[in-house]
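**Student:** Structure provided below as structure tokens; questions to follow.
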Amino acid sequence: MLVIFDHFRDVTLAAVTLRLVLAVLCGGAVGIERAYKRRPAGFRTHILICLGAAMTTLTSQYLYLNMHYYTDMARLGAQVIAGIGFIGAGTIIVTRREHVKGLTTAAGLWAAAIVGLALGAGFYEGALFTICMILVAELFFSKLEFRILDNAPEINLYMEYTDPHCLDNVLKFYRQRNLKILNLQITRSNGTKTHNACAIFTLRLHKNCPVDRLLQDILSTEGVISVEEL
């Protein structure tokens, strides 16, 4: 443990102030990255969650050490860990194209709550190291993830098209490129201009088939309105 924090282990005014200020800074550091990417839970949300979790641990310590209520000090913190799931679930959505979004934001909220609990308990080293690892994961590992996905052997494509003949042409194109269709879901058009027919393909690619080029070739097929990777 770092000696610099030894004077802030007890529940004093200086220790409480330091813990709450660090909770605001740590929660804000994660939240500002999410806000920059325009995610549902952003700067203020992460600050409030981290701050509330820190205050929860401080309240548990105060009740035990100052008010002499001899109860389980970890009980309030356990409720935070369970309760944050409701907020995290609200950031996860499944789009009309069956694309799940918000998982990283939900995980970040949960991690911010854990950091807040650690700060409230005076575990400064663990909290600060964890917040650094969270930022590394969200800022730098995302680039590594995108690079891995570029070389993924399987992809999911969402395509909107106008008529069944267009779908036949796309399937013929896949056969010509030796692309294996692992799964196919088709939604028929209801005959209106606002609802086109759509299909979701799970394809197995080979090394000589870059995703960007594949999307361009499919989009150039007559009748295809849009295509994108899920």
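Position one of the sequence shown corresponds to residue 2 (the numbering used here), numbered consecutively onward. All C-beta atoms in this analysis are idealised placements derived from N, C-alpha and C, irrespective of residue type, glycine included. Model, not experiment: these values are computed from the prediction.
Beta-carbon within less than 6 Å of F9's beta-carbon, same chain only, minus the 5 sequence neighbours each way: which residues are those?
**Tutor:** For the purposes of this step, residue 9 is taken as residue 8 along the sequence shown, with counting starting at 1. Around F9: A16 and L19.
**Student:** Pick from A113, P211, L64 and T92: whose alpha carbon is nearest that of L257?
**Tutor:** Missing from the structure shown is residue 257; the chain here goes from 2 to 231 and no further.
**Student:** Any idea which residues DSSP pairs S227 with across the strands?
**Tutor:** Translated into the one-based positions of the sequence shown, residue 227 becomes position 226. Listed as beta-bridge partners of S227 by DSSP are E161.
**Student:** Thinking just about the alpha-carbon of each residue, which of A90, K102 and A83 is nearest to the one in I115?
**Tutor:** Residue numbering aside, residue 115 sits at position 114 when the sequence shown is read from its first letter. Nearest Cα to I115 within the set A90, K102 and A83: A83.
**Student:** Within its chain, find whatever has a CB closer than 8 Å to the CB of L183; leave out the 5 residues flanking it on each side and keep chain order.
**Tutor:** What you label residue 183 is simply residue 182 of the sequence shown in a count that begins at 1. Excluding sequence neighbours, L183 sits near E155, T203, L204 and R205.
**Student:** Our contact map puts A113 next to C51 with C-beta atoms below 8 Å; I'd like the distance itself, whole angstroms only.
**Tutor:** Along the sequence shown, read from residue 1 onward, the residue named residue 113 stands at position 112. Along the sequence shown, read from residue 1 onward, the residue named residue 51 stands at position 50. Going by Cβ atoms, the distance from A113 to C51 rounds to 5 Å, so yes, they are a contact pair.
**Student:** Where do the ends of the beta strand (DSSP E) carrying L185 lie?
**Tutor:** As a working mapping, residue 185 is identified with position 184 in the sequence shown. Per DSSP, L185 belongs to the beta strand (DSSP E) from K181 to T188.
**Student:** Looking only at its own chain, which residues have a Cβ that is under 8 Å from the Cβ of L3, when we skip the five neighbours before and after it?
**Tutor:** Within the sequence shown, numbered from 1, the residue matching residue 3 stands at position 2. If we look at L3 and ignore the five residues flanking it on each side, its Cβ neighbours are Y125 and E126.
**Student:** At the level of alpha carbons, what is the spacing between Q62 and A54?
**Tutor:** By 1-based counting over the sequence shown, the position of residue 62 is 61. By 1-based counting over the sequence shown, the position of residue 54 is 53. When rounded, the distance between both Cα atoms is 13 Å.
**Student:** Name the residue from R40, V171, Q217 and E223 whose alpha carbon lies nearest to the alpha carbon of E139.
**Tutor:** By one-based count along the sequence shown, residue 139 stands at place 138. In this structure, R40 is the residue among R40, V171, Q217 and E223 with its C-alpha nearest to the C-alpha of E139.
**Student:** Taking contact to mean at least 3 C-beta pairs separated by less than 8 Å, is the region 169–187 in contact with the region 212–223?
**Tutor:** yes
**Student:** Please report the straight-line C-alpha distance between T222 and R148, rounded to a whole angstrom.
**Tutor:** Sequence index remark: in the sequence shown, residue 222 carries index 221 (1-based). Sequence index remark: in the sequence shown, residue 148 carries index 147 (1-based). In a straight line, the C-alpha of T222 is about 27 Å away from that of R148.
**Student:** For V25 and L14, I'd like the C-alpha separation in whole angstroms.
**Tutor:** One-based indexing of the sequence shown puts residue 25 at position 24. One-based indexing of the sequence shown puts residue 14 at position 13. Cα-Cα distance, rounded: 17 Å.
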